[in-house]
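Participant:
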Amino acid sequence: MKNEYVVAIVGVTGLVGEKMVTVLQERRFPIKQLVPVASRSSEGKMVEFNKDFIPVVSLTEDIFSGVDIAFFSAGGNVSREFAPIAARQGTVVIDNSSAWRMEPGVPLVVPEVNPHALQHHHGIIANPNCSTIQMVTAIAPLHRQFGIKRIVVSTYQAVSGSGRAAVQQLQEEVSIGTSGVRAYPYPIAFNCLPHIDVFFEDGYSKEEHKLMNETRKILEDNTIEITATCVRVPVKTGHSESVNLQFRKPFSLREVEEFLAAAPGVVVLDDPGNNVYPIPAQCEDRDEVFVGRIRRDFSVENGLNLWIVSDNLRKGAATNAVQIAEALIHTREETRAG
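Mapping the sequence shown onto numbering that gives the first Met the number 0, position 130 (from 1) lands on 129, and the numbers just tick up by one.
1) Would you mind stating whether proline 279 and serine 241 have Cβ atoms separated by less than 8 Å?
2) Express the C-alpha separation of asparagine 190 and glycine 122 in angstroms, rounding to a whole number.
3) Let me know the alpha helix (DSSP H) ranges lying completely inside the stretch 213 to 277, each 4 residues or longer, listed in chain order.
4) Can you grab the Cα-Cα spacing for the pair valine 308 / glycine 179, in whole Å?
5) Is threonine 154 near valine 266, with beta carbons less than 8 Å apart?
6) Quick one: what's leucine 312 bridged to in DSSP?
7) Using 8 Å as the Cβ pair cut-off and three pairs as the minimum, do the stretch 99 to 115 and the stretch 195 to 205 touch?
8) For the beta strand (DSSP E) containing phenylalanine 145, list its first residue and its last residue.
9) Taking isoleucine 323 and proline 110 to be in contact with their CB atoms under 8 Å, please state how far apart those CB atoms are, rounded to whole angstroms.
10) Can you look up serine 386 in the DSSP assignment and give me helix, strand or coil?
11) Quick one, are the C-beta atoms of leucine 218 and alanine 137 less than 8 Å apart?
12) May I ask you to list the residues that DSSP assigns as paired with isoleucine 123?
13) Just confirm the distance between the C-beta atoms of valine 166 and valine 158, as a whole number of angstroms; I'd bet it's less than 8 Å.
14) On the criterion of 16 or more Cβ atoms from any shown chain inside 10 Å, does methionine 0 qualify as buried, or is it exposed?
15) Can you say whether asparagine 95 is buried or exposed, counting buried as having 16 or more other CB atoms within 10 angstroms of its CB?
16) Any idea what DSSP makes of cysteine 193, helix, strand or coil?
17) Buried or exposed: which applies to threonine 222, given that a residue is buried once 16 or more other Cβ atoms fall within 10 Å of its Cβ?
18) Mind listing, in chain order, the continuous alpha helix (DSSP H) runs of no fewer than 4 residues lying wholly within the stretch 146 to 201?
19) Alpha carbons only, please: which of Arg313, Asn304, Lys18 is nearest the one belonging to leucine 141?
See the structure below:
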């Protein structure tokens, strides 16, 4: 088994790609060589990694030769075209786009929830949507104990989820009142847009469909009824979610709090009387999923309300992808040892 790996990051100059570089360094991922990849316009730019400066190379079919793991964060079209090319060359692709998430046979993985799914990959592993990751990390232990019947979720999603241009639009609108950049159809400063990605004929947005469909796949339960409303808010980083759960079994709040506190990757911040609850400003640059406002929903049998917050660039994208790679290595080592 290798001790170090040749790792490529496709889309290294984007917000998530940059965060992947940071997370790989912080977690001391065993990298022999980093291959930073972006579009032709970024070729030759330098990426700092472990005190070395590495030139960006443009995306071609040949760059995957000898690459062990490739993190893709360059959009669905790029992933659809190049992920199979990389996989055929023996590279394991961990894809951050929506291109492969619902594809049969492609694992959709949150390591704290369903690491066993990695055993069945065929060269491509999907990283879930940012809003899905934080929600399932928190609710999976409750689903195992009480069985989730129905989920009603409303998200409050930061502009960094739309990329660098959206962050620039928000900053310019806050500072000067207008922006030359139009990442959204309306101003985002001092505003909320119930519009993330394109709308389908059923009235739901693509983001809402992602959240609903991916949750069922990760939790491996197609019987869960789920409805979602996804909203873009004038926050730079950190997605928030109001999650209403209806369980099949009765529960006590003490049990809920204990299961959440014991869940890997989850931090409970729940003392509203002393103004203790998760907010994006306190969760930025953190890898945990934060849960608060834990309270019973008295309007329905076995109902529960949660407020869930996480850094969408880290746990919602880069960190989860790196954790998938770490879990994959661990799984391989266990298989060889067995």
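Ideal placement from N, C-alpha and C gives every residue a C-beta, glycine not left out. Here the structure is a predicted model, which is why all the values come from computation and not from measurement.
Facilitator: To lay it out plainly:
1) Position 280 of the sequence shown, counting from 1, holds the residue named residue 279. Position 242 of the sequence shown, counting from 1, holds the residue named residue 241. Not closer than 8 Å, so no.
2) Numbered from its first residue, the sequence shown carries residue 122 at position 123. Numbered from its first residue, the sequence shown carries residue 190 at position 191. Here the alpha carbons of asparagine 190 and glycine 122 stand approximately 42 Å from one another.
3) Correct list: 252 to 261.
4) Position 309 of the sequence shown holds residue 308. Position 180 of the sequence shown holds residue 179. Cα to Cα, valine 308 sits roughly 30 Å from glycine 179.
5) Mapped onto the sequence shown, residue 154 falls at position 155. Mapped onto the sequence shown, residue 266 falls at position 267. No, the Cβ-Cβ distance between threonine 154 and valine 266 is not below 8 Å.
6) As a working note, residue 312 is residue 313 in the sequence shown. Looking at the DSSP assignment, leucine 312 forms no beta bridge with any residue, so it has no partner.
7) no
8) By 1-based counting over the sequence shown, the position of residue 145 is 146. Premise fails: phenylalanine 145 lies in the alpha helix (DSSP H), 129 to 145, not in any beta strand (DSSP E).
9) In the sequence shown, the residue the question calls residue 323 occupies position 324. In the sequence shown, the residue the question calls residue 110 occupies position 111. Correct: roughly 6 Å between the Cβ atoms.
10) The requested residue 386 is not part of the displayed model; the chain covers only 0 to 337.
11) Taking the sequence shown and counting its residues from 1, the one referred to as residue 218 is at position 219. Taking the sequence shown and counting its residues from 1, the one referred to as residue 137 is at position 138. Not closer than 8 Å, so no.
12) Position 124 of the sequence shown, counted from the start, is the residue given in the question as residue 123. In DSSP, isoleucine 123 forms a bridge with Val92.
13) Indexing the sequence shown from 1 puts residue 166 at position 167. Indexing the sequence shown from 1 puts residue 158 at position 159. Right, their Cβ atoms sit about 6 Å apart.
14) Taking the sequence shown and counting its residues from 1, one reaches residue 0 at position 1. Only weak support is given to the placement of methionine 0: the predicted model assigns it a pLDDT of 45, under 50, and the value that follows is read from those uncertain coordinates. Around the beta carbon of methionine 0, fewer than 16 other beta carbons sit within 10 angstroms, so the residue counts as exposed.
15) In the sequence shown, counting from the first residue as 1, residue 95 sits at position 96. Buried, because 16 or more other Cβ atoms sit within 10 Å of the Cβ of asparagine 95.
16) Position 194 of the sequence shown holds residue 193. Residue identity differs from the one stated: residue 193 is proline in this sequence, not cysteine. DSSP places proline 193 in the coil class of the three-state scheme, outside both helix and strand.
17) Taking the sequence shown and counting its residues from 1, one reaches residue 222 at position 223. Its Cβ having fewer than 16 others within 10 Å, threonine 222 is exposed.
18) 163 to 175
19) Taking the first residue of the sequence shown as 1, we reach residue 141 at position 142. Nearest option by C-alpha distance: Asn304.
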